[in-house]
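A short worksheet on the structure shown next.
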Amino acid sequence: MTLTAVLLPFLEIPGFVLVSAWIGVIPMLALVVTGVIVGIMVLQRVGMNALVNLRLALARGEEPGHTLIDAACFALGGFLLTIPGFISDIIALALFLPWTRNYLLRRAAGHFDVHIYGRGFGAGGEPRPGGGVIEGEYSVVDSDLPDSAPPRLKDGSSGQ
1 MTLTAVLLPF
11 LEIPGFVLVS
21 AWIGVIPMLA
31 LVVTGVIVGI
41 MVLQRVGMNA
51 LVNLRLALAR
61 GEEPGHTLID
71 AACFALGGFL
81 LTIPGFISDI
91 IALALFLPWT
101 RNYLLRRAAG
111 HFDVHIYGRG
121 FGAGGEPRPG
131 GGVIEGEYSV
141 VDSDLPDSAP
151 PRLKDGSSGQ
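Using UniProt numbering, read the sequence shown as starting at 1 and increasing by one per residue.
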């Protein structure tokens, strides 16, 4: 991540030169300023809507993963738009695309399935080989007796 932050300015400077040679300096500056303004607007909108969308998803009984990935992508995209430059703007616009967010959701879901559920149980609660086994003993309790009597085991003992 820090390598990207260090290299980004070195990638953005040639982008400024190429775009200003292609469309001119004034239109290039207008695009940069527009990108910053749009980025600020996206960040404000994400900040206001993320919690509301999360609550709605949970109220509908949906997994919150899609809502969280959407909010994270829009927040990161908005932040990248506020950075002057065209490389960061292209990455930001890619984060706004639904197929990009769906791809990231699938990648995140795969990560959680392997790392969280990988200690014994799968995503649907099914046991995975080598994990989730609890050793113990049990006995069947005779439930034909009234509630006031202590429970009796099948072998006739009281179990106490």
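Note that the Cβ used here is the ideal one computed from N, Cα and C, for glycine as well.
> Just curious, the alpha helix (DSSP H) that V52 is in, first and last residue?
Replying inline: Position 52 of the sequence shown, counting from 1, holds the residue named residue 52. Element bounds for V52: 25-59.
>> Among the candidates L80, A5, L97, whose CA atom is the shortest distance from the CA of V32?
In response: Along the sequence shown, one-based indexing puts residue 32 at 32. Ranking L80, A5, L97 by Cα distance to V32 puts L80 first.
> Candidates L18, R55, I69: which alpha carbon is nearest A108's?
Replying inline: Translated into positions along the sequence shown, residue 108 becomes position 108. It is I69.
>> Distance check for E12 and G125, CA to CA, integer angstroms please.
In response: As a working mapping, residue 125 is identified with position 125 in the sequence shown. As a working mapping, residue 12 is identified with position 12 in the sequence shown. Because the pLDDT of G125 is 49, which lies under 50, any placement of that residue in the model is unreliable, and the number read from its coordinates should be weighed accordingly. About 47 Å.
>> Classify M28: buried if its beta carbon has 16 or more other beta carbons within 10 angstroms, exposed otherwise.
In response: Here residue 28 is taken as the residue at index 28 of the sequence shown, counted from 1. Buried, by the Cβ-count rule.
>> Assuming the contact rule is C-beta atoms closer than 8 Å, G39 and T4 should be a hit. Round their C-beta distance to whole Å, please.
In response: Residue mapping note: residue 39 aligns to position 39 of the sequence shown, counting from 1. Residue mapping note: residue 4 aligns to position 4 of the sequence shown, counting from 1. 18 Å between Cβ atoms; not a contact.
>> With distance defined between alpha-carbon atoms, name the residue in P84, R60, E137 nearest to T34.
In response: To locate residue 34, count along the sequence shown from 1; it is residue 34. In this structure, P84 is the residue among P84, R60, E137 with its C-alpha nearest to the C-alpha of T34.
> Can you name the start and end residues of the alpha helix (DSSP H) that I87 belongs to?
Replying inline: As a working note, residue 87 is residue 87 in the sequence shown. Counting along the chain, the alpha helix (DSSP H) containing I87 begins and ends at 86-96.
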